[in-house]
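Numbering (the working numbering), first residue to last: 163 to 607.
Beta carbons are placed, not taken as given, at the ideal position from N, Cα and C, and that holds for glycine.
Working notes, beginning with the structure itself.
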């Protein structure tokens, strides 16, 4: 989808939501009314909450859905991001009062909602969702399941990680991109690229003004790790986390890291040709082409280098889902819209064409567009390269309901390393201890 850099920045504009979620969970013990407060109506008008280009994409599905499902009318509302998180959180905290029938929710929030409000989202297994388990890319299905082992959402968007790089810069520096299989390789090539082009390797908000920790998270995800393990234990001080932050420290110590703090700084530096790579997921394909048209033909995409030599080179870094409110009076009708929009290749690809939302539905990839050359990337079949990375599989990322706390502490640790020269292992050890104390979670061994 067309994101403004970055998703993590959006998340932290909604800190009131995160705080409200935790407080409401402590006060109410869940969403109160649950399934009994709703009804399984299969006709009438349903309301869908989404944001920006995703909302517009969903509107494109409505005419064919209403034609094929007479008796159901659909109203797609663009609530904006991050306003949608406040609305959903407040609604769940009040027992589902005022919620739309269908909710568009990011992976940043869905696990927390299922954890804090276990009765807030409808049980879609009762409506037939289980049959789609194998229809979506690996690594997403565990996220849609609550502690009751029922399905509470279907995947819509998936974002496999890639490394966008200036092909012309690599050629000028005599660097063969195919030889860069790990970040060790890229760090070694960095001085050559800088000497030949004047560009630093990549940009990062060093003081953490936006709490943009995407790169740190990506390096962990490439190792099959995150802030929490599958049991919800804290892994912020794990060897994988230390390795990730050590890579970032080495980039900084080598003068290969541009400081992108400040609104619009990253975009300005890329536009000026001062950054040679951008480790971003699939949503950035059209973002880059739209924002930097003068650089058409100069960029390419490759699999992300492994965080450790010989390690994995595929990761799903974020995703979004459609779900149904448990208090909806028309749960069957709402489910029919979710099912129609997300399990039919024709519809999912129509949305992809209009909104850039890279589909999680595996059946969508047979469309010729996924093997078509892209002019901005010198005719490279970039969509196909991201599909290929999904074929490698990816581990589940357990965001939990305490993601925002983990993100803040990880950001503080990174800033200590980048601005004060702290040791990555020491900084993360302190952060992990604080995270365990703040959340009541155990640290993983």
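- When you compare each of 213, 233, 274 to residue 244 by their alpha carbons, which one comes out closest? Cα-wise, what sits closest to residue 244 is 213.
- Per-residue DSSP class, three states only, for residue 314: Residue state for residue 314 is assigned as coil, using DSSP reduced to three classes.
- Helix, strand or coil at residue 189 according to DSSP, with G and I counted as helix: Unreliable positioning characterises residue 189 in this predicted model, as indicated by a pLDDT of 32, which lies under 50. A coordinate reading is not provided.
- Message: Bridge partners for residue 421 per DSSP, in chain order?
- Response: 366
- Segments assigned alpha helix (DSSP H), at least 4 residues, entirely inside the stretch 332-388: 345-359, 376-383
- Message: Under 8 Å, with one C-beta from each stretch per pair, do the stretch 496-516 and the stretch 456-476 reach the 3-pair mark?
- Response: no
- Message: Tell me the DSSP secondary structure of residue 397 in three-state form.
- Response: coil
- Message: Using the three-state DSSP reduction, which class does residue 543 fall into: helix, strand or coil?
- Response: coil
- Can you name the start and end residues of the beta strand (DSSP E) that residue 521 belongs to? Note, residue 521: premise wrong, no beta strand (DSSP E); not H, not E.
- Task: Have a look at 425, 486, 552, 594 and flag the residue whose alpha-carbon is nearest the alpha-carbon of residue 574.
- Result: 594
- Message: To test your reading of the DSSP string, which unbroken alpha helix (DSSP H) runs of 4 or more residues are found completely within the stretch 428-482?
- Response: 446-453
- residue 412 vs residue 355 beta-carbon contact at 8 Å: no
- Message: Just to confirm, is the Cβ distance from residue 406 to residue 538 under 8 Å?
- Response: Contact flag unset, no.
- Report yes if the C-beta distance between residue 463 and residue 563 is below 8 Å; otherwise report no. no
- Counting only the same chain and skipping the five closest in sequence on each side, list residues whose C-beta sits under 6 Å from that of residue 554. 476
- Query: Are there 16 or more other CB atoms within 10 angstroms of the CB of residue 607, so buried, or fewer, so exposed?
  - Reply: exposed
- Pull up the DSSP beta-bridge partners for residue 208, would you. DSSP lists 236 as partners of residue 208.
- Take residue 404 and list the residues in its own chain whose beta-carbon comes closer than 7 Å to its own, dropping the five residues that flank it on each side. 586, 587, 590
- State buried or exposed for residue 466, treating a residue as buried only when at least 16 other CB atoms are found within 10 Å of its CB. buried
- Task: Tell whether a beta-carbon distance below 8 Å holds between residue 261 and residue 253.
- Result: yes
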